[in-house]
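Chains as they are written, first to last, in our numbering: chain U, 3 to 360; chain D, 3 to 360; chain G, 3 to 360; chain W, 3 to 360; chain F, 3 to 360. All residues carry an ideal CB built from backbone N, CA and C; glycine is no exception.
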């Protein structure tokens with residue numbers, strides 16, 4: 003997830019200016035039209051704008067789903083066709099908005115983040131949703147697959163959705179986006195549990211990297227989820243014009259999920275911070291172990307080397323003096339030195355044992 | 003306690019869909035029916051659904067207790083029999099819900115967490131409670147023992163509970179679930195006190211592991227207890243339709259307990275974080291001790307080894323030069339070297355003593 | 003202070019059950035009756051229940067002070083005699099309650115914590131207070147001395163207290179309990195200042211232990227003081243039925259003290275956390291010092307030992323080869339080696355000086 | 003960014019006293035007058051006060067932009083000419099104010115901070131804005147370039163701004179100031195990402211310095227952005243007298259940006275704190291590596307040196323005793339010593355391998 | 003600043019008891035009377051109580067300034083003379099109160115803290131202020147200089163203050179006390195900047211001490227400033243009886259300053275905590291450097307010493323065996339050993355270079 007997610011105009015650009023973003027590609031944009039009325043349910047893939055505009059009728063509920071990265075021109079065309087607010091269009095093009103809810107007079111504009119687990123990191127796709135009285139327009143930069151489950155569901159249970167009206171369709175999209183966090187967080191939960199097992203046995207650099215990655219993702223995810231929670235909460239509180247009573251009950255469930263997701267993120271963040279402390283402690287424990295070995299070795303062998311050094315001195319060549327290393331000439335000199343050596347080692351070992359270093 | 007406790011449907015599943023969970027086992031489900039009226043108190047173990055349904059009468063108070071992991075089919079059957087809300091049924095099957103309170107029109111649905119101390123970790127069992135006007139339905143995945151104390155109490159003091167009505171029974175269940183945290187937290191309190199004693203004397207890896215386990219459990223427990231507190235608080239505030247005045251007083255006591263439990267969890271979490279710091283400090287203290295020993299040993303023996311090295315050189319063989327290690331030929335050369343050695347050691351020791359390293 | 007202070011019934015016990023606590027001792031309970039009316043002030047030590055009950059009259063103000071650990075039977079007797087609420091009686095017996103305020107219809111029940119400095123740790127005694135219209139009943143597990151100052155004051159200034167009514171007496175007790183924190187915190191303040199002086203000069207294990215003890219006490223004390231603050235605040239806000247206007251002014255002063263005490267506890271907790279960081283930094287500083295000495299010593303003596311090792315080799319015995327350590331046969335060989343040694347040492351010392359290690 | 007940004011009078015100076023600040027320079031002050039009415043748009047660079055005053059008419063909208071550091075005299079002159087509140091004038095001269103909004107009777111006074119990325123640090127320039135009914139006066143200590151984009155925009159799209167009135171001009175200035183944070187934060191985001199890559203491979207001192215610089219800038223930036231958010235929020239809530247309905251919508255967008263900027267700052271601050279922990283862990287990991295090498299080397303060579311030391315002793319010269327190092331006289335003595343040496347090394351290596359140190 | 007600033011009575015003392023504090027000194031108390039009416043402005047230094055009392059008239063505004071540490075007797079006398087509330091008098095004597103605002107019926111009592119930078123630490127002096135309808139009484143334990151600037155200002159601009167009434171005088175005193183924090187915080191800002199420069203180059207013990215001192219002062223200062231902010235905020239909100247409209251505007255400025263001061267304190271506290279982390283990291287970096295030198299030295303010289311040790315063994319004396327160190331007898335034995343030594347060193351250096359340790 004990028005640290006700086008925001009696409010922004012040069013400061014001073016007038017509000018409502020539409021500029022094609024990097025990677026905008028008119029050809030790659032796919033518009034799918036879902037329309038259902040008493041007459042039944044129809045899906046039109048690769049629809050064009052005129053087709054969609056025609057589908058908006060009093061007696062049907064339509065969902066216009068725009069996938070890909072539209073250019074400024076296409077946005078303007080779509081905005082005109084479906085009566086989308088100019089400031090909102092700017093927000094669609096300038097990806098990296100905070101999740102937000104803007105109730106305009108004739109429409110409800112909502113920005114949400116769809117988290118996708120991608121190669122160890124979370125990518126957040128901005129989903130922009132326009133709710134009108136009879137139709138829904140959504141913008142999604144990501145691949146066609148993201149909403150496929152909802153379309154399959156519409157196809158199989160179309161009538162029930164139809165009975166519920168446009169707000170139920172709207173709820174279904176919001177619910178899908180929010181629930182997408184669960185598989186992502188499940189993966190992080192598993193990762194943390196793996197690290198917990200590894201951290202005491204093998205606290206190496208790679209573990210450190212994994213902990214940091216988790217913590218970073220949690221910090222960034224939280225940055226996106228707090229406003230998302232607020233958006234759903236405001237929808238519950240102030241959305242009575244847009245959300246009917248039965249859908250409101252479902253949306254409350256939705257809100258519970260956003261809160262639970264935040265709880266998970268917060269506790270993962272805390273746990274990863276705690277793991278970092280454990281890592282530090284464990285590393286310093288290991289250092290203690292290493293140093294103890296070094297100290298034990300050095301403390302045993304340095305005196306021994308000194309003893310052998312003594313009798314490596316060449317004073318014994320001076321045969322005139324009785325003081326010149328008489329030990330060298332003793333009958334049991336060499337075995338005595340070994341005795342001293344063994345006694346020294348034994349004494350050291352006993353001392354280390356008493357200090358609990360061995 | 004699992005880091006990711008939530009059982010969830012694939013995103014995009016319509017709300018109210020019932021899917022049997024992993025480990026769902028129709029045969030293992032035990033339904034206990036407790037029924038008391040003016041006529042007296044009856045317990046029917048291993049009741050079937052029809053029996054229970056029959057027991058619900060105007061003049062009696064019934065408790066249908068479902069233990070084990072019901073399948074989706076059984077849930078649907080129970081839902082129909084006892085008029086349980088569809089969304090709530092989904093929450094019962096998808097264990098790992100946050101504690102929550104859902105007031106539906108005809109019933110109050112409540113999810114709580116029963117903490118059980120299991121092998122050094124806390125397991126949280128989701129208890130789902132449906133409160134109707136004349137009867138109570140509870141779902142519990144855990145063994146029959148959890149609520150046995152409450153049944154024994156009902157059997158012995160049945161009449162009093164009967165006079166109080168269904169809300170008192172409801173309170174009794176909630177109270178039991180909340181108070182179950184006390185023995186669990188008492189255990190953690192004892193553990194922390196043991197660690198406090200061990201940490202300065204023997205800061206080894208196992209202590210580190212124990213601290214982490216406590217901190218982790220407190221983080222996860224808190225995640226469950228905060229919403230539990232909110233649930234009880236909302237029950238007090240908004241539950242006047244369900245809770246009679248006398249029971250309200252008892253429930254206030256209940257609320258005090260949830261707050262006190264949270265206080266305990268928070269202070270244990272803080273203490274375990276503090277213990278981690280102490281652990282680090284203590285380990286680094288020990289490293290200091292180890293390194294000081296090493297330094298003292300090295301500082302004493304390295305110069306000595308150098309001195310013996312000097313007189314281990316073979317210049318003395320050159321008898322032509324008066325400059326070729328004349329010391330070797332001195333009458334007191336060897337004792338003098340010892341003098342130098344002893345003086346060096348004494349000097350070092352004095353210096354270390356002055357630096358307070360010994 | 004115990005980490006887990008709460009005495010609790012086995013979960014599932016019905017509310018209002020009275021069980022004698024550990025250490026309950028009917029014989030050790032002392033009841034003191036203080037009674038003052040226009041007729042004057044009387045203190046009856048070791049009063050019995052009947053005597054106390056008789057003293058409660060329209061025209062006098064009575065304080066029944068129960069000291070020690072009453073059994074369940076005695077509690078029931080007292081409860082009957084003085085009309086004490088059943089749930090409150092349970093709270094009195096089950097020590098370790100959070101500070102709380104329970105306004106019942108005919109009485110105000112209040113739990114507070116009296117901090118006592120005991121052997122380096124704080125002990126918190128639960129004081130339970132029942133305020134009725136004409137009398138006050140207090141329970142205190144601690145020794146008779148705690149409230150002696152208030153009794154002496156009543157004896158000397160009895161009339162004034164009498165004029166003020168029972169609420170002033172109540173205030174006096176609350177005030178005493180709260181102010182008792184000041185001497186305790188003053189001690190901790192002094193301890194922290196001592197540690198601040200010691201920590202840079204002698205960061206040893208004992209300092210670590212003292213810091214932890216302070217931090218621990220502050221964490222636990224805060225756990226008790228936050229609800230105590232709330233209790234006094236609620237008393238100010240909602241206590242108009244019980245507290246007269248003049249006493250209200252005094253109680254506001256009381257509230258200021260609880261806030262100030264919390265400020266002190268919070269800042270001591272922060273300071274002790276900061277001290278732990280300083281300790282760590284100071285210890286790591288010392289390690290640096292130790293390691294620098296080791297490195298200096300090793301860096302100087304290892305090359306020297308190598309040099310002496312060179313000339314300790316026995317190639318010189320091979321007199322056939324001119325390449326076989328001719329240095330040994332040089333006229334100034336030995337002094338030259340010394341020159342090399344001295345030059346090496348000098349070079350090292352210069353290098354260390356430039357690196358600011360010496 | 004200076005830690006102490008505030009310019010203040012000596013305590014005790016009466017309010018509204020105007021003192022020239024350090025670096026005040028009447029000559030360097032540039033006044034630009036922008037004026038547009040139905041007659042068209044005019045820019046007068048280096049205008050004088052009288053000119054500006056003349057431009058304020060019923061039928062035109064004027065922006066008087068003062069750039070540089072005016073002296074107290076000039077301020078007084080400007081204050082008189084444009085009816086600026088005395089206390090506000092003091093705030094303009096005493097740079098380093100918190101962002102604030104002061105609604106006076108006839109004018110709205112607003113202080114904002116313009117962040118400028120300057121040589122790795124953020125500089126915050128205080129922009130003071132006076133909004134009157136027909137004209138806007140702004141003070142900016144920084145170079146002329148800061149607002150040039152807005153002027154270019156006015157020149158090209160002048161009419162539209164004119165239709166919108168003075169509040170739209172006001173909004174444009176506020177929007178520019180706020181959006182200026184985006185490029186600054188983008189730079190910090192990039193810096194953090196670079197550090198994340200470097201920190202595990204080369205955790206040197208320079209990285210530490212960069213982390214601290216980021217953290218410091220975030221702490222100081224946050225200090226300025228929180229009140230800025232409040233200012234915009236209060237403008238939205240209470241500014242209905244000054245802000246027309248259409249501009250209000252734009253301002254809401256503006257508010258979203260301040261919140262998003264704060265989110266970014268908070269997450270960068272958290273990430274930089276986390277990076278510091280990673281740095282510590284990584285450094286301690288490296289120390290472990292270094293120490294392990296040392297320990298391996300010492301543990302292998304110290305016993306070897308001891309062995310060679312044994313046979314460097316001169317007991318072999320004593321030919322009288324059969325105990326005097328008979329090994330020296332063995333036929334295979336020397337190869338045997340090598341065997342011992344090789345076996346020792348092999349044993350050590352195997353032991354290290356088992357301990358995973360190699 | 004003392005950790006425990008509070009002067010308190012023995013718990014159980016009745017409220018309103020006046021006890022002379024330590025250092026109370028009737029002789030050292032100086033009373034200054036400032037009085038201004040239409041007739042002009044008079045200052046009477048070393049006034050006595052009767053004089054002051056006489057000065058309180060309908061047509062003049064008086065300020066009675068008491069400097070030093072009054073005894074209980076003097077306090078009682080002053081209390082009687084100027085109608086000061088008994089509880090407030092107790093607060094004046096018992097220094098170390100939290101800043102507070104007590105609106106009594108006839109007077110406003112306010113406690114504030116005047117920070118004074120004293121020898122590297124902040125000292126907080128308690129200023130007690132009584133605001134009556136026609137006069138102001140202030141108590142200050144500190145030297146006469148603190149308020150001298152305000153008196154000079156009164157003398158020079160006396161009339162204006164007179165026109166404004168007593169509330170403007172009151173505001174002037176409060177403003178002076180609050181603004182006194184700026185020079186103090188400016189000093190701390192400079193200190194932190196100095197430490198930031200020193201910490202990476204010379205992280206020694208003295209730096210650690212300075213960081214701790216700053217952090218400590220910020221913790222204690224914050225403890226005093228939060229309630230001070232509340233006091234000014236409550237004065238703005240509830241003080242309409244005491245503060246006239248024009249003064250209210252000035253007081254709002256005052257409030258801005260308290261908020262800005264708190265911002266500064268909070269960011270300094272955060273920065274000093276961050277500096278502690280940098281210190282730790284920097285110290286551990288240095289340890290790494292030291293250890294790397296040691297390891298390089300040891301790794302190079304230990305194998306060399308081993309090599310020389312080999313040829314220091316006395317096997318060569320055994321001339322019977324061809325296996326007895328034939329190297330010693332080789333023609334180029336000694337140069338070959340040097341070759342091995344040089345190759346070893348070169349190999350080591352290359353290895354270290356590859357590991358980036360050199």
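Asked, Found
"Three-state secondary structure (DSSP) of residue 297 of chain W", "helix"
"Contacts of residue 336 of chain D in chain U (Cβ-Cβ under 7 Å)", "317, 325, 326 and 327"
"Boundaries of the beta strand (DSSP E) in which residue 142 of chain D is found, first to last residue", "137-142"
"Local Cβ density within 10 Å of residue 357 of chain U, reported as buried at 16 or more and exposed below that", "exposed"
"Other residues of its chain near residue 47 of chain U: CB distance less than 6 Å, five sequence neighbours each side excluded", "34"
"Start and end residues, beta strand (DSSP E) containing residue 327 of chain G", "No beta strand (DSSP E) contains residue 327 of chain G, which DSSP labels as neither H nor E."
"Closer than 9 Å at the beta carbon, the chain U residues around residue 234 of chain W", "Simply none; closest approach about 15 Å."
"Contact set between the segment 13-36 of chain W and chain F, restricted to residues whose Cβ is under 9 Å from the partner", "13, 14, 15, 16, 17 and 18"
"Reduced DSSP category for residue 314 of chain U - H, G, I as helix; E, B as strand; rest coil", "helix"
"Environment of residue 123 of chain U [buried if 16+ CB atoms lie within 10 Å]", "exposed"
"Cβ-based burial, residue 333 of chain F [other Cβ within 10 Å; buried from 16]", "exposed"
"Own chain residues within Cβ distance below 6 Å of residue 215 of chain D, not counting five before or after", "none"
"Residue range of the beta strand (DSSP E) that includes residue 64 of chain G", "62-69"
"Proximal chain D residues relative to residue 284 of chain U, where beta-carbon distance stays under 8 Å", "207 and 210"
"Distance between beta carbons of residue 273 of chain F and residue 218 of chain W, contact taken as under 8 Å", "6 Å"
"Reference residue 66 of chain F; option with closest CA among F:289, F:13, F:23 and F:153", "F:153"
"Inter-residue spacing [alpha-carbon to alpha-carbon] between residue 54 of chain G and residue 170 of chain G", "20 Å"
"Per-residue burial, residue 157 of chain U [other beta carbons within 10 Å of its own, 16 or more giving buried]", "exposed"
"Burial state of residue 56 of chain D, where buried means 16 or more other Cβ atoms lie within 10 Å", "exposed"
"Beta carbon proximity, residue 11 of chain F to chain G, threshold 9 Å", "yes"
"Three-way DSSP call (helix, strand, coil) for residue 106 of chain G in this model", "coil"
"Positions along the segment 237-271 of chain D whose CB lies within less than 8 Å of some CB in chain G", "251, 252, 254, 255, 258, 261, 262, 265, 266, 268, 269 and 270"
"Of the residues D:117, D:188, D:109 and D:338, the one placed nearest residue 131 of chain D, counting alpha carbons only", "D:109"
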